[in-house]
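From first to last, the protein sequence lines are chains A and B.
Each number in the working numbering corresponds to the 1-based position in the first sequence with 744 added.
Each number in the working numbering corresponds to the 1-based position in the second sequence with 18 added.
In this text, a Cβ means the ideal position worked out from N, Cα and C, and glycines have one as well.
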Amino acid sequence: MRLWMLIVAAVILSFISLFIGAIDIKPSDLLNWDSREMQIFLISRVPRLIAIILAGVGMSIAGLIMQSLSRNKFVSPTTAGTLDAAKLGILISMLFFTNVTYTQQVIFSFAFALIGTLLFMQILDRIKFKDVIFVPLIGIMYGNILSSITTFFAYEADLLQNISSWLMGSFTLIIAGRYELLYLSVPAVILAYLYANKFTVAGMGEDFAKNLGLSYKLVLNIGLILVAVIATTVVLTVGVIPFLGLIVPNIVSLYMGDNLRKTIPHTAVLGIVFLLLCDIIGRVVIYPYEIPVNVTVAVIGSVIFLIMLIRGRAYAK
Amino acid sequence: MIEIKGLTKRFGNKPVVEDVSIKIQPGAITSFIGPNGAGKSTLLSMVSRLLDADTGEVLLDKNDVKKWKSDEFAKRVSILKQANFLNVRLTIRELVSFGRYPYSKGRLTIEDEQSVDQAIEYMNLTDMQDKFLDELSGGQKQRAFIAMVIAQDTEYILLDEPLNNLDMKHSVQIMKILRKLVDDLGKTVVIVLHDINFASVYSDNIVALKNGRVVKDGPTNEIINSEALREIYDMNIPVQEQNGCRICVYFNSHS
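Here it is in structure tokens:
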């Protein structure tokens, strides 16, 4: 697959995404700056597209970094407790401060996502049996434990409705003023690209990295911080999008290998294409209503994940 | 010049390497031999800074290896541990290019590209340089890793059991390459070996370890004799000479 093909697909899907929705907007409507269509376009459609692009790039890159650093193809923000830890962080911030501000939520969520992922990496370090399937299973269990803690305290504090909204990844509520936090993932993604070679070297193990004079621990920690930043921005604005960080990097790895300098651009653009496609499907199946994107991603993603599991065991080893 | 002085390492209370002091002769192959659990690999890991010693020091050019800057050290000493289980999908060329990491930090200059080309050529991998590592056989993979070390262009090359999982043909091939690295390029090779006959035929010096201590240390012909071998392995091992090579016939020995 060529990068330009992916980019063309992303541009076409972006165009479709801008002109699909409950309210019919034609490109010709945009000639009039003061029209109602133009208003909707600027307040709803454009922010939604930007949010999809940023979340798609962010989650795919976060998954790629995690797979490289954990040296396991099936580790991702959804299968290592990162997103569950971020949710727990938001809940704690709500319990802690009576009138919680957005900034406080962001800080708590980031801190929890970081600590939660670090903890998972520690567990990984300690277990001897590092099977490709076994490791993500532990991650999923670990995430579920975090999630149960969140649900328990949310129930006690009558916040259950609140947390279920972060559970559900959806772009329906994205309008101007509600998604800008996602821009924080842009510097994280740029930094990931600059660190690509270091992540690749670190992905070959501590001994290998040390032999080449790389400070392994530092690179590992920087990688986990980038993952936590991205996961936080996505959970707080869009919600949890499962599978994305798992499937997209794996598809790219299949045809391009694991040299991050080469695969990061592909992973980013394929992430956009995949998420846009899922969002568009969710918007047309029961038109003029919408299915939240996490449902379409989960349906399509789980099928692809299953195929990868069954066919890919040999490749992931 | 690498000099090891009074090196000790304990795992828990158990000493794995105890008070080891040796000098590595430059421009030669030195083999570490000894029974399982003798501390050979641990010793090699400490020399290459992968492990920290409890007491004692390793000197590279009279300076403690711990005081060397990481990237400077990586230009002088390289280590290859058993790498056959590595699951990263890189092409041979990408892997070898990472050998230049200490020099270029991943942005290869023209000179870097040239040394990558030379290393690949040297290991006869030019035709398959764009193949992924997971498509290679064990011997080809091992050659790719050695090509990476050649590209890293260090004076010292340390290898931890590089013949593991290789058949006879490929084992001989790898040992011949190491010999060439020493004879043609003037490298210093330190290698942990399990098969004593490979040590006998290919190395200049042998360091024999047992229970973490050095029991023998000297030129190969002084170590490969029945007396010394009994001390190292607690086995009666007849030594026969074949075409100028000393072969240890240990297969039916009784202790």
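According to DSSP, is Ser223 (chain B) part of a helix, a strand, or is it coil?
Position 205 of the second sequence, counted from the start, is the residue given in the question as residue 223 (chain B). Checking the sequence shown, residue 223 (chain B) turns out to be Asn, not Ser. Asn223 (chain B): strand per DSSP, three-state reduction.
Cβ of Asn31 (chain B) less than 8 Å from any chain A Cβ?
Working through the second sequence from its first residue, we reach residue 31 (chain B) at position 13. No, because no Cβ of chain A sits closer than 8 Å to the Cβ of Asn31 (chain B).
Within chain B, the residues that Lys954 (chain A) reaches when beta carbons sit closer than 9 Å
Here residue 954 (chain A) is taken as the residue at index 210 of the first sequence, counted from 1. Within chain B, the residues near Lys954 (chain A) are Ser66, Arg67, Leu68, Ser88, Ala92, Ile97.
Taking just the CA atoms, how far does Pro237 (chain B) sit from Ala806 (chain A)?
What you label residue 806 (chain A) is simply residue 62 of the first sequence in a count that begins at 1. What you label residue 237 (chain B) is simply residue 219 of the second sequence in a count that begins at 1. Computed Cα separation, rounded: 54 Å.
Can you find a C-beta in chain A that's less than 8 Å from the C-beta of Asn102 (chain B)?
Residue mapping note: residue 102 (chain B) aligns to position 84 of the second sequence, counting from 1. With a pLDDT of only 49 at Asn102 (chain B), under the threshold of 50, the placement of this residue in the model should not be trusted; the figure read from the coordinates follows. Answer no: the Cβ-Cβ gap between Asn102 (chain B) and chain A never drops below 8 Å.
Given Met44 (chain B) as reference, the closest of B:Val207, B:Asn243, B:Gly117 once Cα atoms are compared:
Indexing the second sequence from 1 puts residue 44 (chain B) at position 26. The question names Met, but residue 44 (chain B) in the sequence shown is Pro. Checked all of B:Val207, B:Asn243, B:Gly117; the closest Cα to Pro44 (chain B) is B:Val207.
Which same chain residues end up closer than 8 Å to Leu964 (chain A) when comparing Cβ atoms and leaving out the 5 residues on each side of it in sequence?
Sequence index remark: in the first sequence, residue 964 (chain A) carries index 220 (1-based). Same-chain partners within the cutoff: Leu813, Met865, Ala946.
Going by C-alpha to C-alpha distance, which of B:Asn31, B:Gly30, B:Ala56 sits closest to Val38 (chain B)?
For the purposes of this step, residue 38 (chain B) is taken as residue 20 along the second sequence, with counting starting at 1. Taking only the C-alpha atoms, the option nearest Val38 (chain B) is B:Ala56.
Buried or exposed for Ala830 (chain A), please, with buried defined as at least 16 other CB atoms from any protein chain shown within 10 angstroms of its CB.
On the first sequence, position 86 is the one that residue 830 (chain A) refers to. Buried: at least 16 other Cβ atoms inside 10 Å.
Residues of the segment 992-1011 of chain A in Cβ contact with chain B at a cutoff of 9 Å, in chain order, please.
Ser997, Leu998, Met1000, Gly1001, Asp1002, Asn1003, Arg1005, Lys1006
Pairwise C-alpha distance: Val992 (chain A) and Gly765 (chain A):
The sequence position of residue 765 (chain A) within the first sequence is 21, counting from 1. The sequence position of residue 992 (chain A) within the first sequence is 248, counting from 1. Each residue's alpha carbon lies about 26 Å from the other.
My output table needs one value for Thr172 (chain B): the three-state DSSP class, helix, strand or coil.
Within the second sequence, residue 172 (chain B) is the residue found at index 154, counting from 1. Coil, per DSSP.
Whole-Å CB distance - Leu832 (chain A) paired with Thr894 (chain A), under 8 Å assumed
Position 88 of the first sequence, counted from the start, is the residue given in the question as residue 832 (chain A). Position 150 of the first sequence, counted from the start, is the residue given in the question as residue 894 (chain A). Yes, they are in contact, since the Cβ atoms of Leu832 (chain A) and Thr894 (chain A) sit about 5 Å apart, within 8 Å.
Helix, strand or coil, according to DSSP, for Leu98 (chain B) in the structure here?
For this step, residue 98 (chain B) is matched to residue 80 along the second sequence. Strand at Leu98 (chain B).
Which residues in the same chain have their Cβ closer than 7 Å to the Cβ of Thr916 (chain A), if we skip the five residues on either side of it in sequence?
Within the first sequence, numbered from 1, the residue matching residue 916 (chain A) stands at position 172. Result list for Thr916 (chain A): Glu1034, Pro1036, in chain order.
Please name the residue in A:Phe1049, A:Ala975, A:Phe952 whose C-alpha comes closest to that of Val95 (chain B).
Sequence index remark: in the second sequence, residue 95 (chain B) carries index 77 (1-based). Nearest C-alpha to Val95 (chain B): A:Phe952.
Go ahead and label Asn102 (chain B) buried or exposed: buried means 16 or more other beta carbons lie within 10 angstroms of its beta carbon, across all protein chains shown.
As a working mapping, residue 102 (chain B) is identified with position 84 in the second sequence. Summary for Asn102 (chain B): the model assigns pLDDT 49, below 50, so the residue's position carries little reliability; its value from the coordinates is reported in the next sentence. Classification of Asn102 (chain B): exposed, given that the 10 Å Cβ count is below 16.
Are Ile859 (chain A) and Gln849 (chain A) closer than 8 Å when you measure CB to CB?
The residue you call residue 859 (chain A) lines up with position 115 of the first sequence. The residue you call residue 849 (chain A) lines up with position 105 of the first sequence. Cβ atoms of Ile859 (chain A) and Gln849 (chain A): not closer than 8 Å.
Is the segment 978-996 of chain A touching the segment 143-159 of chain B, taking contact as three or more C-beta pairs under 8 Å?
no
Taking only beta-carbon positions, decide if Arg746 (chain A) is within less than 8 Å of chain B.
As a first step, residue 746 (chain A) must be located in the first sequence, where it is residue number 2. Judged by the 8 Å Cβ criterion, Arg746 (chain A) is not in contact with chain B.
Using alpha carbons as the reference points, say which of A:Ile969, A:Ile1024, A:Val1013, A:Leu998 lies closest to Thr861 (chain A).
In the first sequence, counting from the first residue as 1, residue 861 (chain A) sits at position 117. Taking only the C-alpha atoms, the option nearest Thr861 (chain A) is A:Ile969.
Given the structure, does Val982 (chain A) come close to the ligand ADP, in the sense that its CB is under 7 Å from one of the ligand's heavy atoms?
As presented, the structure is devoid of all ligands, the ligand ADP included, so that no description of it is given.
Can you check whether the C-beta of Val879 (chain A) is within less than 8 Å of a C-beta belonging to chain B?
Along the first sequence, one-based indexing puts residue 879 (chain A) at 135. Not one chain B Cβ lies under 8 Å of Val879 (chain A).
Among B:Arg231, B:Val232, B:Gly230, B:Ala217, the one whose alpha carbon lies nearest that of Asn243 (chain B)
Here the question's residue 243 (chain B) lines up with position 225 in the second sequence. When each option's Cα is compared against that of Asn243 (chain B), the closest is B:Ala217.
Where Asn816 (chain A) falls: helix, strand or coil (DSSP)
If you number the first sequence from 1, residue 816 (chain A) lands on position 72. Asn816 (chain A): coil per DSSP, three-state reduction.
At least one CB of chain B closer than 8 Å to the CB of Asn941 (chain A): is that the case?
One-based indexing of the first sequence puts residue 941 (chain A) at position 197. With 8 Å as the cut-off, Asn941 (chain A) counts as an interface residue toward chain B.
Quick check for students: name the residue ranges of the beta strand (DSSP E) that lie wholly in the segment 942-983 of chain A, counting only runs of 3 or more.
none
Just to confirm the assignment, what range does the beta strand (DSSP E) spanning Asp130 (chain B) have?
For the purposes of this step, residue 130 (chain B) is identified with residue 112 of the second sequence, where counting begins at 1. Element bounds for Asp130 (chain B): not the beta strand (DSSP E) but the alpha helix (DSSP H), 128-140.
Between the segment 812-838 of chain A and chain B, which residues of the former have a C-beta closer than 9 Å to a C-beta of the latter?
Ser812, Arg815, Asn816, Lys817
Just to confirm the assignment, what range does the alpha helix (DSSP H) spanning Gly887 (chain A) have?
As a position in the first sequence, residue 887 (chain A) is number 143, starting the count at 1. That run of the alpha helix (DSSP H) goes 878-900.
Residue-chain proximity (Gly957 (chain A), chain B), Cβ-Cβ < 8 Å
In the first sequence, counting from the first residue as 1, residue 957 (chain A) sits at position 213. Yes, contact with chain B.
Can Asp213 (chain B) and Leu247 (chain B) be called in contact, C-beta distance under 8 Å?
Sequence index remark: in the second sequence, residue 213 (chain B) carries index 195 (1-based). Sequence index remark: in the second sequence, residue 247 (chain B) carries index 229 (1-based). Contact flag unset, no.
Check the DSSP bridge columns for Asn81 (chain B) and list the partner residues they point to.
Stepping through the second sequence from its first residue, residue 81 (chain B) is reached at position 63. Partner(s): B:Leu78.
Residue environment, Cys1022 (chain A), which counts as buried when at least 16 other CB atoms sit within 10 Å
Here the question's residue 1022 (chain A) lines up with position 278 in the first sequence. It counts as buried.
Contacts that Phe150 (chain B) makes with chain A (C-beta to C-beta distance below 7 Å)
Start at 1 with the first residue of the second sequence, and residue 150 (chain B) comes out as number 132. Those are Gly1001, listed as they occur along chain A.
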